[in-house]
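Here's the structure we're looking at; comments come further down.
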Amino acid sequence: MRHRIAHRITAIAVPLVLSAASLLSQPRVTLDAGGEVAAHLRNTDAVGSSYLTAVEELSLFGVARHMPGHIAMEYRLGVTGRRDSRREYAEYAFAQNLLASVELTAATFRLINREFPGATGEFSFELGRRRFSDPTNLIIDGIADGASIVFEWPSVSASLDVAYTGLSSKNTNPIVLTDADRARLDDDSVYLAGPRLLSVATIGAPAIVARQDAEFFVAHLRDLETNGADGAFAGLRVDGPIVPHLFHTTSIAAGFTADDGVSLLSSFSLRYYLDRVYLSRFRVETTYASGDSGALSGFNPVHRVRFGEKETGFDAGFADRLVAELAYSFRPFIASNASWLAATELGFDLVSFFRTTDAPAPEFPGNPTGPYLGTRVLAAARLRASSDFGLDARIGTFLRSNPDTDDHDRGRGFFSTSIFVLF
Amino acid sequence: MRHPRHGAALGVWFLLASVALGAQSAQFSGDVLLTEQLTVADAVYLVGLAAGIVPIDSQFDDAPNHLTRAGIRVPEATPGSPISLGEYAFLIVQTFDLPGGLMYSFFPGPRYALRELVYLDVVEPGAHAGEKLTGRSALAILASAMEEFGQ
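These protein sequences, in sequence, are chains A and B. All residue numbers for the first sequence refer to our numbering, where the first residue is 1 and numbers rise by one. All residue numbers for the second sequence refer to our numbering, where the first residue is 424 and numbers rise by one.
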């Protein structure tokens, strides 16, 4: 058996190495390898809820994208503030288990050929650990180990990602779909995530019409631990400018499972860039995920990065939700000659949750009875001392739909700070 | 998606190119604008010209020598091969004498040069050092750098 596995590995590895070696001899090929280590802090307070975790995004509210950090390391130390309105006291705690929360979140080897296939094509092959996601970033968006192949031409692109989740930390971007997942999260002796195979294939057409980029995708989730927990997804994302400075991203997707049938997801966001007013960025976004109603079943994504525990302090669910978000960020000192001051960014974010069916939503504070479930408000600041070093601070609260209910413990505010160093 | 400010920056470049650098250089920048993949030689000449290191009346092929004499490391690839975004960023950071971050001071090179230009809002976030560079993007980045750093 061992010989057979070794033989297979050799059969795959040798051609890969030889191909890479032959490609490397060409001057148009570049190699890039690097990684990122991140510490994910999780603070557990007296009532057992956690709402301080490290966030890998180096931008406020997703308006700006991740820095092109190749060898990057983030260490985030935080304090968590808590205020109980009944007893009028404040409690602060340092995040714990720093070492246990450290994870290698990116370590990739990337090979790029900028003149293949054909003079206008570009081919890239990436192997290693990184964040894998689908084009919507709403279904699959987590750390895994795998490989990607991308072909790009001026008018079309195609990609295939295959990744395995069982070697990454269970805490970074947990997949919580089965009872086994829940048991694993509760078991402190387990470090690794559940074994799953993720595949995402895309076909994209840049500037297909009116400068709109379109990308069609199919994704598959294979659960290697629990039978019958596989899922498949298909969808389309279109994004591009509407008028000068105003951009949209529109996504629709369907989920398919053997037991539950078909579910739907849609998302629409508008982003407005007002550079002349302190590099202002506005974003309005709505996301709809079907619930169990009629012919549709609840849409459950593989990862829950958006509206998960990290963003609200509790599990706000995803299926049967209509979420409306308004975000604004700006750089108040953009005109400063000091780079670190000019890079300082402030932001505000407001997220309102609604349910789309009559199904109860007991996870929300305040025992909501109507469609409106509550709103999370947040203010954030980011100080960038240099391109390698910075400080984040966030303060926010969840406003319950029914403020009169006696559920103070889950409707409190939160405060966090973090320091990041990039390598 | 391109950064909206690049449109204005491109306008600044053409103004500078046509007024300050002369008709020959403006012709060159016009040609570069149409290039789908910028070469090492194009980039060296373009950046050197913009920074005043390469004289306007200099031969195109002499540009690397001018930059080398000024202590700037030019990409080692053959002049006709395509330049990556990271290599182009490294040229700009050296030419405009930008300090760079902590990692750049230890390991000056394309990777950390690009990070610095993203930090300084010259290049959009999300860019990758290995990306190929069109002539239009190269001009926009250069124009934005000239606008930011006053050369």
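Note that beta-carbon positions come from the ideal geometry of N, C-alpha and C, so glycine has one too. Here the structure is a predicted model, which means the values were calculated and not measured.
Report task. Could you check the C-alpha separation between Leu391 (chain A) and Ala385 (chain A) for me, to the nearest Å? Result -> 8 Å
**Report entry** Beta-carbon contacts of Thr249 (chain A) that lie in its chain and below 6 Å, excluding the five residues immediately before and after
**Finding:** Asp239 and Ser269
Query raised in the report: Do you know how far the Cα of Gln482 (chain B) is from the Cα of Thr120 (chain A)?
Result: 29 Å
Query raised in the report: So which residues of chain B does Thr178 (chain A) contact, with C-beta pairs closer than 7 Å?
Result: Simply none; closest approach about 34 Å.
Query - Segments assigned beta strand (DSSP E), at least 3 residues, entirely inside the stretch 150–235 of chain A - result: 157–164, 196–209 and 212–223
Query raised in the report: So what's Phe530 (chain B) in DSSP terms, helix, strand or just coil?
Result: coil
Query raised in the report: Going by Cα to Cα distance, which pick from A:Asp187, A:Ala379 and A:Leu279 is closest to Ala393 (chain A)?
Result: A:Ala379
Query raised in the report: Would you call Pro360 (chain A) buried or exposed, if buried means 16 or more other Cβ atoms sit within 10 Å of its Cβ?
Result: exposed
Query raised in the report: Mind pulling the chain B residues with CB within less than 9 Å of Ala343 (chain A)?
Result: Tyr542, Leu543 and Asp544
Query - Counted within 10 angstroms of its Cβ, other Cβ atoms place Ala335 (chain A) as buried (16 or more) or exposed - result: exposed
Query raised in the report: According to the Cβ coordinates, are Ala568 (chain B) and Ile515 (chain B) closer than 9 Å?
Result: yes
Query raised in the report: By the criterion of Cβ-Cβ separation under 7 Å, what are the contact partners of Leu525 (chain B) in chain A?
Result: Ser386, Asp388 and Phe389
Query raised in the report: Hey, is Pro498 (chain B) close to the ligand GDP, as in C-beta under 8 Å from one of its heavy atoms?
Result: With respect to small molecules bound, the structure shown includes none, and the ligand GDP cannot be examined in it.
Query raised in the report: Which chain A residues sit within Cβ distance under 9 Å of Gly471 (chain B)?
Result: Within 9 Å Cβ-Cβ: nothing; Gly471 (chain B) doesn't reach chain A, min ~21 Å.
Requested in this report: Go through its chain and collect everything with a Cβ distance to Thr136 (chain A)'s Cβ below 7 Å, but skip five positions before and after it.
Outcome: Gly235, Arg237, Ser251, Ala253 and Ser267
Query raised in the report: Could you give the distance in angstroms between the alpha-carbon of Asp275 (chain A) and the alpha-carbon of Arg281 (chain A)?
Result: 8 Å
Query raised in the report: Using a C-beta cutoff of 9 Å, does Pro117 (chain A) count as contacting chain B?
Result: no
Query raised in the report: Under a three-way DSSP split, which group does Pro487 (chain B) fall into?
Result: helix
Requested in this report: Measuring only between beta-carbons, confirm whether Pro368 (chain A) sits less than 9 Å from chain B.
Outcome: no
Query raised in the report: Considering only residues of the same chain and omitting the five flanking positions on each side of Tyr372 (chain A), which have a CB-CB separation below 6 Å?
Result: Excluding sequence neighbours, Tyr372 (chain A) sits near Phe354 and Ser401.
Requested in this report: Determine whether the Cβ of Leu383 (chain A) lies closer than 9 Å to any Cβ atom of chain B.
Outcome: It does not: the Cβ of Leu383 (chain A) has no partner Cβ on chain B nearer than 9 Å.
Requested in this report: Quick one: list the residues of chain A neighbouring Glu459 (chain B), beta-carbon separation under 8 Å, in chain order.
Outcome: Thr120 and Pro154
Query - Endpoints, alpha helix (DSSP H) assigned at Asp465 (chain B) - result: Val463 to Ala474 is the span of the alpha helix (DSSP H), which, as asked, contains Asp465 (chain B).
**Report entry** Listed by chain order, chain A residues near Glu539 (chain B) by CB distance under 8 Å
**Finding:** The contacting residues are Ser387.
**Report entry** Where the alpha helix (DSSP H) containing Thr557 (chain B) begins and where it ends
**Finding:** From DSSP, Thr557 (chain B) is part of no alpha helix (DSSP H); its letter is neither H nor E.
Report task. Locate the beta strand (DSSP E) running through Ser266 (chain A), then write down its first and last residues. Result -> Gly261 to Leu274
**Report entry** Residue of A:Asp187, A:Asn300, A:Ala343 and A:Val262 minimising C-alpha distance to Leu279 (chain A)
**Finding:** A:Ala343
Query raised in the report: How would you call Arg87 (chain A), buried or exposed, if buried means at least 16 neighbouring beta carbons within 10 angstroms?
Result: Note that Arg87 (chain A) has pLDDT 32, beneath the 50 cutoff, so the model's placement of it is unreliable and the number below is only indicative. Exposed, since its Cβ has fewer than 16 Cβ neighbours within 10 Å.
Report task. Answer yes or no: does any C-beta atom of chain B fall closer than 9 Å to that of Arg82 (chain A)? Result -> In this predicted model, Arg82 (chain A) has a pLDDT of only 36, less than 50, meaning its place in the structure is not dependable; the value taken from the coordinates is given anyway. So, not an interface residue.
Query - Residue closest to Asp480 (chain B), alpha-carbon to alpha-carbon, out of B:Phe451, B:Leu457 and B:Glu554 - result: Nearest C-alpha to Asp480 (chain B): B:Phe451.
Query raised in the report: Using the beta-carbon of each residue, which ones in chain B are nearer than 8 Å to Arg110 (chain A)?
Result: Gly553
Requested in this report: Could you confirm whether any beta carbon from chain A is found closer than 9 Å to the beta carbon of Ser567 (chain B)?
Outcome: no
Query - Alpha carbon of Gly298 (chain A) to alpha carbon of Gly255 (chain A), nearest angstrom - result: The C-alpha of Gly298 (chain A) lies about 9 Å from the C-alpha of Gly255 (chain A).
Report task. Starting from Arg304 (chain A), find everything on chain B with Cβ-Cβ shorter than 9 Å and list it in chain order. Result -> For Arg304 (chain A), there are no C-beta contacts with chain B under 9 Å, since the nearest C-beta of that chain is about 23 Å from it.
Query raised in the report: Do the stretch 314–323 of chain A and the stretch 201–211 of chain A touch if we need at least three Cβ pairs shorter than 8 Å?
Result: no
Query raised in the report: Which bits of chain C does Ser189 (chain A) rub up against, with CB to CB less than 9 Å?
Result: No chain C is present in this structure, whose protein chains are A and B.
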